[in-house]
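Below is one structure, written out as C-alpha cells; comments come after it.
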Ligand SMILES: Cc1ncc(C[n+]2csc(CCOP(=O)(O)OP(=O)(O)O)c2C)c(N)n1
Ligand SMILES: [Mg+2]
C-alpha cells in the first residue's frame, strides 16, 4: 500500500531522529494519529491533557536535551491552545516543531467547522510556517521546518488539511520541477568565529579591567570549564541570570548566584561596582540591574549578532558560541593578581548564605516558603532536573536550589509564563527516565494545568511536584503592594486540597504544614517510586523581597499599607520579624 501524507510526515520525523511527540488527538489530525499508531515502535506519542502542556513539554524537552522538541494538535482549538507554550519556546530560543491539522483542503476559507487559519495565526510565533499541499510536498517542508527551528533556535509550524493527511502519491503527482528526494535530512550548524583583531580588542578591554563581573547566561550552559578558567584568570565574579543558573555550580567560589529581583544582594553589588562587564550568552532583560551605561567597559559574546548591544552598550562584540569564543579568548588574557573585587564578593556571599540559612531554618508556623526550598535542596540528587514557574516560587527556587554537578534548571525565562514547570518536567522525564525530575510550582500555576498529573500517572513518570500553597497569586500580590503601592486586589485563590487531588489521579499525595516534619515528608515523597505531589502549606505573608530593597520599594510598600491593604498588620509583623531575627 502506498504511503499517506501522514506516513511520509512521521517517517521523515523519524529520519530526523525525533523519538517523542507531545500532543492531544482530534478529528483534524486523525490521519497523523493513524501514522503514529503504525510507527509506534520508532516514535513515541505522549498524550497530554491540554495542548498548551504539549508545547511546554516540547520546549522543556528541547531545553534539557538540546534537541528538537515536537508537539501536535488538532485543527482550530487544539492549535490555538499550543500558542502560549510555543511563545515560551520562541522567547527562550528553543527549537520546537509544532504540527497541526486544518479543515478539509477544499473548505478552507468557507467558515466550515474548525476552519481556523492556523498558518495565519502562527505567523508571528513561527519562523517557518507552511501548509502541506500533498504527498510530494511533505519531505521538502518537514526538512526546511526542522532546519529552521534548529538553526534559528525557534519555532517552526506545519499544518496539514485533514483530508490531505490521507492522500497518497496516486492522489497528487509531484510537479515536474520537484525532483524526488532532492531535500536532505541534514543540519549543519553555523559556527561563527570572531576575527583576531576583535578578539584582541576584547582581550585588551578585559586586561585593562580591575573589577570584572561576568554575566553568564544560558549560552554558557555547555561552557562550564572555559567559564571557570576565565573567572580564575581574571579574578572575575560570575553572576548568573536565571536561565543560566546551571552554568557553574553554586558552591563555586567564583559565583554570587542570581541577579535581578530574585537574585542575590552580592550579585547586585558586583554588577553596580564592576569596572568591566563580560556578557556571555545572555540577554538578561532587566536593565536596571546592569551597570549604568558608561560606568563599565563591556565585552559581549553571543551567537546571535542582533543581541550584541541590545541591553547594554558593548565596547566589543564577539559573535559565536560562548565555549568556542572563550577558548580563543583565554590565551590572550593576562592573569590578574589583585583579587580584592572577587574577595569582597566572596565575603558578601558568606553573609548572604548565612541570611538564607537563617530564613531557611525557621521553625515557626505557618511554615516559611524558604524552609521548604531549603530542605528540598538538601535532598536533591546530583542529576536532578528542576523546573519552576513564574511566581514567588521562582525566587525561592532561584535562591535556595544550589546547582551541583550534573543538575539542570529552567523556567520560562523571557515569556515568564506560569504553568510551564509541570509540562517541562514531563518533557524531562520522557527524555531522561532515570534522572530525578523536580517541579517547583505555585498553587496558581499548578491549577492552570493540573490535569497533567494524570499524564504523569498514565506514563508512570516519577516526577515530584512540590506545590507551594499560599492560596494566593503571591507574586502579583507583592507587586501590587511593593511595586505599585496599591492594596492587593483579585489575587486570592480558592483553596484546593492538592494532596487529595493527586491521590484521585493515582499519584501519591503528601502535605507539609509543620517545618519540623518537612525533611521527613519531602524525603518520603522524593523516594516514592512514582509520581508524587507535595503540597507545602506556607505563610502567605512572607514577601519575596529583592536582595537589596530600594528606598522607592520601601516607600511604595508603606503607601499600600496606608491605603488599606488588608492583613496589613500580619504583613508588617512578618516583615518586622524577619528583620529582627536577622539582626539578633
Ligand atoms: C499565564 C500567566 N498568567 C499570569 C501571569 C502573571 N503572574 C505572574 S506570577 C503570578 C502569580 C503566581 O501565583 P502562584 O502560582 O500561586 O505562585 P506564588 O506567586 O503564589 O508563589 C501571576 C498571576 C503570568 N506570568 N503568566
Ligand atoms: Mg500562590
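Numbering (my numbering), first residue to last: 21 to 604. For glycine and all other residues, C-beta sits at the position ideal for the given N, C-alpha and C. Predicted, not measured: the structure shown is a model, and the values here were computed from it.
Item, Value
"Quick check: what's the CA-CA separation for residue 174 versus residue 65?", "22 Å"
"As a quick check of your reading: which residues have a C-beta less than 7 Å from at least one non-hydrogen atom of ligand 1, in chain order?", "104, 409, 410, 411, 412, 413, 436, 437, 438, 439, 461, 462, 463, 464, 465, 466, 468, 488, 490, 492, 493, 494, 495, 496 and 513"
"May I have the straight-line CA-CA distance separating residue 291 from residue 309, to the nearest angstrom?", "7 Å"
"Looking at the structure shown, is residue 260 part of a helix, part of a strand, or coil, going by DSSP?", "strand"
"Taking only three categories from DSSP, how would you classify residue 586?", "coil"
"Pick helix, strand or coil for residue 133, following the three-state DSSP scheme.", "coil"
"Taking the CB atoms as reference points, tell me whether residue 43 and residue 103 lie closer together than 8 Å.", "no"
"On the DSSP letters alone, give me the boundaries of the alpha helix (DSSP H) that residue 342 sits inside.", "342–349"
"Take every Cβ of the region 140–154, pair it with every Cβ of the region 165–172, and state whether three or more of those distances are shorter than 8 Å.", "yes"
"From the DSSP output, in three-state form, read off residue 478 for me.", "helix"
"Consider the C-beta atom of residue 508 and the heavy atoms of ligand 4; say whether any pair is separated by less than 7 Å.", "Within the structure as shown, ligand 4 is missing, the only ligands being ligand 1 and ligand 2."
"I need the straight-line Cα distance from residue 356 to residue 225, nearest angstrom please.", "13 Å"
"Residue 408 and residue 441 - do their beta-carbons sit closer together than 8 Å?", "yes"
"Considering Cα atoms alone, identify which of 51, 50 and 68 is closest to residue 40.", "68"
"Pull up the DSSP beta-bridge partners for residue 320, would you.", "299 and 337"
"Kindly indicate the opening and closing residues of the beta strand (DSSP E) around residue 181.", "175–181"
"Would you say the region 396–411 touches the region 454–474, given that touching needs at least three Cβ pairs under 8 Å?", "yes"
"Do the region 514–534 and the region 542–551 touch if we need at least three Cβ pairs shorter than 8 Å?", "yes"
"Looking at the strands, I want to know which residues DSSP matches up with residue 437.", "Bridge partners of residue 437: none, in fact."
"Could you name the residues that DSSP lists as bridge partners for residue 157?", "DSSP, once it has assigned bridges, lists no residue as partnering residue 157."
"Rounded to whole angstroms, what is the Cα-Cα separation between residue 603 and residue 418?", "Note on residue 603: pLDDT 41, under 50, position unreliable in the model; the coordinate value appears next. Residue 603 and residue 418: Cα-Cα distance of roughly 24 Å."
"Am I right that residue 264 and residue 233 are in contact with their C-beta atoms under 8 Å? What's the rounded C-beta distance?", "The pair is not a contact, with the Cβ atoms about 14 Å apart (cut-off 8 Å)."
"Would residue 236 and residue 258 qualify as a contact pair, given that the criterion is a beta-carbon distance under 8 Å?", "yes"
"I need the straight-line Cα distance from residue 261 to residue 212, nearest angstrom please.", "24 Å"
"Which residue spans inside the region 364–441 form an unbroken alpha helix (DSSP H) run of at least 4?", "389–399 and 412–420"
"Are the CB atoms of residue 538 and residue 348 within a distance shorter than 8 Å?", "no"
"Looking only at its own chain, which residues have a Cβ that is under 7 Å from the Cβ of residue 337, when we skip the five neighbours before and after it?", "320, 328 and 329"
"Assuming residue 471 contacts residue 81 under a Cβ cut-off of 8 Å, what Cβ separation, rounded to an integer in Å, is found between them?", "Contact doesn't hold; Cβ gap of about 19 Å is too wide."
"Sort out for me which residues DSSP pairs residue 43 with in a bridge.", "67 and 92"
"Report buried or exposed for residue 517, applying the criterion of at least 16 other Cβ atoms within 10 angstroms of its Cβ.", "exposed"
"On the CB-based measure, 16 or more other CB atoms within 10 Å of its CB, does residue 515 come out buried or exposed?", "exposed"
"When burial is assigned at 16 or more other CB atoms within 10 Å of the CB, is residue 561 buried or exposed?", "buried"
"For residue 509, which of helix, strand or coil comes out of DSSP?", "coil"
"Secondary structure at residue 150, three-state DSSP: helix, strand or coil?", "strand"
"Would you check if there are 3 or more beta carbon pairs closer than 8 Å linking the region 43–55 to the region 180–190?", "yes"
"Spell out the partners DSSP gives residue 462 in its beta bridges.", "488"
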